[in-house]
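Here's the structure we're looking at; comments come further down.
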Amino acid sequence: MEKEVKAVDNILSDIKRPFTAIMGGSKVSTKIGIIENLMDKVDNLILCGGMTYTFAKALGGHVGLSICEDDKLDLALDIIAKAKAKGVNLVLGVDCVAADSFSNDANTQIVPAGEIPEGWEGLDAGPETRKIFADVIRNAKTILWNGPAGVFEFDNFTAGSRAIADAIVEATEKGAFSLVGGGDSVACINKFGLADSVSYVSTGGGALLEAIEGKVLPGIAAIKG
Numbered sequence: 044m045e046k047e048v049k050a051v052d053n054i055l056s057d058i059k060r061p062f063t064a065i066m067g068g069s070k071v072s073t074k075i076g077i078i079e080n081l082m083d084k085v086d087n088l089i090l091c092g093g094m095t096y097t098f099a100k101a102l103g104g105h106v107g108l109s110i111c112e113d114d115k116l117d118l119a120l121d122i123i124a125k126a127k128a129k130g131v132n133l134v135l136g137v138d139c140v141a142a143d144s145f146s147n148d149a150n151t152q153i154v155p156a157g158e159i160p161e162g163w164e165g166l167d168a169g170p171e172t173r174k175i176f177a178d179v180i181r182n183a184k185t186i187l188w189n190g191p192a193g194v195f196e197f198d199n200f201t202a203g204s205r206a207i208a209d210a211i212v213e214a215t216e217k218g219a220f221s222l223v224g225g226g227d228s229v230a231c232i233n234k235f236g237l238a239d240s241v242s243y244v245s246t247g248g249g250a251l252l253e254a255i256e257g258k259v260l261p262g263i264a265a266i267k268g
């Protein structure tokens, strides 16, 4: 527990810059508290995974059958505006791997993020997006990763998450402090066999995310006295 607390405290209070956070997952609504709190701390905020299709649609794009929270389009635009106002480099994908079914064996095509055809859905970050994400991550001194870039459970849709993981490892080797937390991110880093190549893998799950959201956790308060 104490090791976990120190890792969380390190990334929240002893920040070496640039600080890059990578937030993934399917829904922006489940990460809004974390995203808003990070806005005051990070230099770069990479948004990936299913939540990005809500942003693509909010910006006027077509997302086909991709997961999308139609009631959160204004929220997505608000996040974009807040990032700009705070001088945060908000990084969204420019292309994606679209599939014609939610299956590892689906037919795929690479399309611009906001130009997914009807009947298709985005299941992973595209090759240009992977390069953009990796370039930002490699130059970071503090890194937080929570949430995959695609449906990593399907082997054919792991490339986006793998590109993130590889870039985090590269930055860590150059001296960055990297914290991977949240169930799916931990599953990712373990699937790729890279858990020992990052600074810290948090198994705290919800507690870690609450700390990042700015909530005071009893364990941290007790240890800090």
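All residue numbers for the sequence shown refer to this note's numbering, where the first residue is 44 and numbers rise by one. We put the beta carbon where it would ideally sit given N, CA and C, even for glycine.
Other residues of its chain near residue 177: CB distance less than 6 Å, five sequence neighbours each side excluded: 206 and 210
Between the C-alpha atoms of residue 280 and residue 232, what's the straight-line distance to the nearest angstrom? Because residue 280 is not part of the residues shown, which for the chain are 44 to 268, the question remains open.
Below 8 Å on the Cβ atoms is my contact criterion, and I expect residue 77 with residue 66 to pass it. Report the Cβ-Cβ distance as a whole number of Å. 7 Å
Please report the residue range of the alpha helix (DSSP H) in which residue 67 lies. That residue, residue 67, is in no alpha helix (DSSP H); it is neither H nor E in DSSP.
Residue 68 to residue 189 span [Cα, whole Å]: Distance between the alpha carbons of residue 68 and residue 189: 8 Å.
Should residue 73 be labelled buried (16 or more other beta-carbon atoms within 10 Å of its own) or exposed? exposed
Is it buried or exposed for residue 191, if we count other Cβ within 10 angstroms and need 16 for buried? buried
At the level of alpha carbons, what is the spacing between residue 164 and residue 109? 4 Å
Decide if the stretch 125-133 is in contact with the stretch 100-108; the criterion is three or more beta carbon pairs, one per stretch, under 8 Å apart. no
What is the DSSP secondary structure of residue 242, counted as helix, strand or coil? coil
Collapsed DSSP secondary structure at residue 95 in the structure displayed: helix
Quick check on the burial criterion: 16 or more other C-beta atoms within 10 angstroms. Buried or exposed for residue 204? buried
Under 9 Å, do residue 179 and residue 89 count as touching if we go by C-beta distance? For the pair residue 179 and residue 89, the CB atoms are nearer than the 9 Å cut-off.
Can you name, in chain order, every residue of its own chain whose Cβ lies under 6 Å from the Cβ of residue 115, other than the five neighbours on each side? These residues qualify, in order along the chain: 71, 72 and 97.
Quick one: give me the first and last residue of the beta strand (DSSP E) that residue 213 is part of. Unbroken run through residue 213 is the alpha helix (DSSP H), 202-216; no beta strand (DSSP E).
Environment of residue 245 [buried if 16+ CB atoms lie within 10 Å]: Buried is the call here.
Under 9 Å between the Cβ atoms of residue 223 and residue 194? no
Option nearest residue 239 by Cα separation, candidates 226, 225, 216 and 254: 216
Compute the beta-carbon to beta-carbon distance between residue 140 and residue 162, rounded to the nearest angstrom, for a pair I have assumed lies under 8 Å. Residue 162 and residue 140 do not touch by the CB rule: their CB atoms are close to 15 Å apart, not below 8 Å.
Could you name the residues of the same chain whose beta carbon sits closer than 6 Å to that of residue 149, not counting the 5 residues immediately before and after it, in chain order? If you ignore the 5 residues before and after residue 149, its C-beta comes within less than 6 Å of the C-beta of 142 and 143, all in its own chain and listed in chain order.
For residue 179, name the three-state secondary structure that DSSP assigns. helix
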